[in-house]
Amino acid sequence: MSDIKIQMKNISKVFETDELETHALKNINITINSGDYVSISGPSGCGKSTLLSILGLLDMPSGGEYFIEGTNVTDLSLDEAAEIRNSKIGFIFQSFNLIDELSVFDNVALPLRYKTKVPSEKEISDRVHECLELVDMSHRTSHKPNQLSGGQQQRIAIARALVANPAILLVDEPTGNLDSKSGDQVMDVLEKLNECGTTICMVTHDPRYADMANIQLKLLDGSILTTPELQEAV
Amino acid sequence: MSQLLYQQKQAWMSLKKKVGFVSTVVITMGTTLGALLCILTLGYLLIVEPLPYPEQEKLYKVNHAIGDKSGETNATAFTYPGLIHLYKNQQVFDKTALIQYGEDVLTSLPSQPTLSTGYVTPEWFALLGAKMQMGRSFEETEALDTFNPVAVISYKTWQDEFASATDMLDKKVSFSGVSFRVIGVLGENFVEPQIKQTGRDVGMWFPWDYNLDVRMKERWGNISGALTFVGKLKESLTAAQAEQILTPLVSDTWVENVASIPFFSGWSVNVELESLQTAIVGDSQNTVYKLLAGVFGLVLIAFANIANLFMSRTAEQQRQLAIYAALGAKKIPPVSWLTG
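Listed in order, the protein sequences are those of chains P and R. Counting in the numbering used here, the first sequence runs from 6 upward without gaps. Counting in the numbering used here, the second sequence runs from 1335 upward without gaps.
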């Protein structure tokens, strides 16, 4: 199996209205290998969110090809895309996006419950506790999200993103809603996860955090200014 | 805990926080579906299976419409001799029964209660498929002009007036100076057809010979609304055909017998068959159809309202649904999506 986790070839995205055609992404070529820590940065409106949506299969590209772990995911049905999202992609959002009605445990366990073959309760419990250990939040399993600080909520979101063993973590401005101290803690957690082999793709405005990535992509007007060498899938 | 149980638990936890939503849905659906169930039951009873009698579709009540010179119906009631003439000479019914309703005092009991009484020919209980609690119903020994003083008692009268006496068949009852031997108690499930009056239940049944209109036995010019004729139509005939056969049979004899009365000059009789179902439930079928239409409209409105409520709730949950989708939930929603 290839160690290429993500590969985009000539990806483009055009938003069309009756009067206007907006080229949000133009010929994007990205290859992310296993264990890479990629940051995507750029000014507002440059296409970062669109790129992240396509990377996360929340939107479809207008052109080009997209592979996750060698599987062509360019043109999937909604259910197929959901299945790939569940098994291969972990999302971390700027606003945490935890479900307030669910406990920390149930929030983290959610992706496992959406698997095609749902694990047993014991397997779910073991895996959830394992992931909460990774983010140092195992002592808060019964709490509700609104009983936690912003930094703690983001760590819970990281645990949720990790729980299904995804091929890649897609991270959208993880420190945007946090103070600098909590932001640093969250970035430390991400760095440690990357050191342990987790592949991360992060969108950020903050150049200090972007510098923590070993591959830094700059987006401008829908195009990548710095492109790492494209590798072919084996 | 299975996935289904988990979803049920999450749904319940979520619904607990939306008491107003749950109450509205439950009350709306409960009320409308309750109303629908009531009307459907009513419709079933009045339209599909209105009467608890065997071969009820063949049972007809015969109406004796007396028309004056202008041809307009002057009265719908039998004359006593006309009724007996029809009973003895008709060929269109497999089985017929005469009924006369009255009221009399049960003088043999210390409390002397006034009971509704019914006077019938022996075929009456067989036509209705009556089952007996004890003893027997009327038979040939109680046929016309036998004057056999026996009585069949209703289940309710047996309970109320005779305390469910087990030796009821050894008892005698007295009405209008005549002592009748009780030969049977009707079963609890026997439902008397409410031909004359709704809610009127006969407490004591007697052979026809003891009916209260017997004084009119020879009076062709007098009519009585208490005289009733019921029959089971032959398989080969329709109601219209039977009417065509019966009308001359009855009318000619009546005209002949009232020829000496100038008042009835130019009058005639028209025999009409009314299904027992129509005679009992009347035009309530139309009312049921209107009620059904109304209640279906109500259910549709309720469904539309509930659908709107669910759409509003889904819109309210947009953020949550987006999160679920990002985490891999598929398009077909699990229970927790709808209720969560």
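Beta carbons: idealized from backbone N, C-alpha and C, even for Gly.
Compare the C-beta of residue i against all C-beta atoms of chain P and say whether one is closer than 8 Å.
i: R:Lys1350; result: no
i: R:Ile1657; result: yes
i: R:Gly1662; result: yes
i: R:Val1347; result: Per the sequence shown, residue 1347 of chain R should be read as Met rather than Val. With 8 Å as the cut-off, R:Met1347 counts as an interface residue toward chain P.
i: R:Gln1493; result: no
i: R:Gln1337; result: yes
i: R:Gln1651; result: no
i: R:Gln1654; result: yes
i: R:Tyr1623; result: no
Quick one: Cα of residue i to Cα of residue j, how far?
i: R:Thr1532; j: R:Val1615; result: 9 Å
i: R:Asn1523; j: R:Ser1646; result: 52 Å
i: R:Ala1641; j: R:Glu1650; result: 14 Å
i: P:Val2; j: P:Pro116; result: No answer is possible for residue 2 of chain P: the residues shown for chain P start at 6 and end at 239.
i: P:Ser54; j: R:Thr1362; result: 44 Å
i: R:Gly1537; j: R:Ser1488; result: 5 Å
i: P:Leu235; j: R:Gln1341; result: Any reading at P:Leu235 is ruled out, since the residue's pLDDT is 48, under 50, leaving its predicted position unreliable.
i: R:Asn1556; j: R:Ser1570; result: 34 Å
i: P:Leu139; j: P:Pro179; result: 17 Å
i: R:Thr1413; j: R:Ser1471; result: 27 Å
i: R:Leu1677; j: P:Phe20; result: Absent from the model: residue 1677 of chain R. The displayed extent of chain R is 1335 to 1674, so no value can be given.
i: R:Trp1554; j: R:Glu1473; result: 28 Å
i: P:Leu83; j: P:Gln159; result: 27 Å
i: R:Val1622; j: R:Ile1373; result: 7 Å
i: R:Ile1529; j: R:Ala1409; result: 17 Å
i: P:Ile119; j: R:Arg1653; result: This sequence places Tyr at residue 119 of chain P; Ile is not what is there. Taking the straight line joining both Cα atoms gives about 17 Å.
i: P:Asp141; j: P:Pro150; result: 15 Å
i: R:Leu1449; j: R:Val1507; result: 12 Å
i: R:Thr1480; j: R:Arg1515; result: 15 Å
i: R:Ala1411; j: R:Glu1391; result: 23 Å
i: P:Pro212; j: P:Ser185; result: 14 Å
i: R:Thr1407; j: R:Asn1639; result: 53 Å
i: P:Leu56; j: P:Gly40; result: 20 Å
My output table needs one value for residue i: the three-state DSSP class, helix, strand or coil.
i: P:His134; result: helix
i: P:Glu128; result: helix
i: P:Thr36; result: strand
i: P:Glu70; result: strand
i: R:Thr1451; result: strand
i: P:Ile16; result: strand
i: R:Gly1674; result: Low per-residue confidence applies at R:Gly1674: pLDDT is 45, beneath 50, and the placement is therefore not dependable enough to give any value.
i: P:Pro48; result: coil
i: R:Asn1556; result: coil
i: R:Thr1430; result: strand
i: P:Asp141; result: coil
i: R:Pro1386; result: coil
i: P:Ser7; result: Note that P:Ser7 scores a pLDDT of 48, beneath 50, so its modelled location is shaky and nothing firm can be said.
i: R:Met1347; result: helix
i: R:Gln1467; result: strand
i: R:Ser1609; result: strand
i: P:Phe98; result: coil
i: P:Pro150; result: helix
i: P:Val78; result: coil
i: R:Phe1481; result: coil
i: P:Glu106; result: coil
i: P:Tyr119; result: coil
Nearer than 7 Å: is that true of the beta carbon of residue i relative to any heavy atom of the ligand GTP?
i: R:Thr1612; result: Of ligands this structure carries none, so the ligand GTP is not represented either.
For residue i, decide whether its Cβ has a neighbour in chain R, counting only Cβ atoms nearer than 8 Å.
i: P:Leu139; result: no
i: P:Phe96; result: yes
i: P:Ala238; result: Annotation note: pLDDT 43 at P:Ala238 (below 50); position unreliable, coordinate value reported separately. P:Ala238 does not count as touching chain R.
i: P:Ala29; result: no
i: P:Met6; result: Because P:Met6 carries a pLDDT of 43, less than 50, the predicted location of this residue cannot be relied on, and no value is offered for it.
i: P:Asp177; result: no
i: P:Ile104; result: yes
i: P:Arg90; result: yes
i: P:Leu83; result: yes
i: P:Ala87; result: yes
Any beta strand (DSSP E) of 3 or more consecutive residues that is wholly inside the stretch 1500 to 1538 of chain R:
Qualifying beta strand (DSSP E) stretches, in chain order: 1506 to 1509 and 1512 to 1520.
Could you pull out every unbroken beta strand (DSSP E) segment of at least 3 residues lying fully inside the stretch 163 to 235 of chain P, listed in chain order?
173 to 177, 205 to 208 and 220 to 225
Positions along the stretch 50 to 75 of chain P whose CB lies within less than 9 Å of some CB in chain R:
Listed by position, the residues of the stretch 50 to 75 of chain P near chain R (Cβ gap below 9 Å) are Gly61 and Leu63.
4 or more residues per run - each alpha helix (DSSP H) lying fully within the stretch 1629 to 1667 of chain R
1652 to 1660
May I ask you to list, following chain order, the residues of the stretch 108 to 123 of chain P that have a beta carbon less than 7 Å from some beta carbon of chain R?
Leu115, Pro116, Arg118, Tyr119 and Val123
For the stretch 1570 to 1612 of chain R, list the beta strand (DSSP E) runs that are entirely contained and at least 3 residues long, ordered along the chain.
1602 to 1609
Continuous beta strand (DSSP E) assignments of at least 3 residues falling wholly in the stretch 1373 to 1424 of chain R:
1393 to 1401 and 1407 to 1410
At a CB distance below 8 Å, what residues from the stretch 1378 to 1401 of chain R approach chain P? Give them in sequence order.
none
Which of the residues in the stretch 1483 to 1511 of chain R, read from start to end, lie with their CB under 8 Å from any CB of chain P?
none
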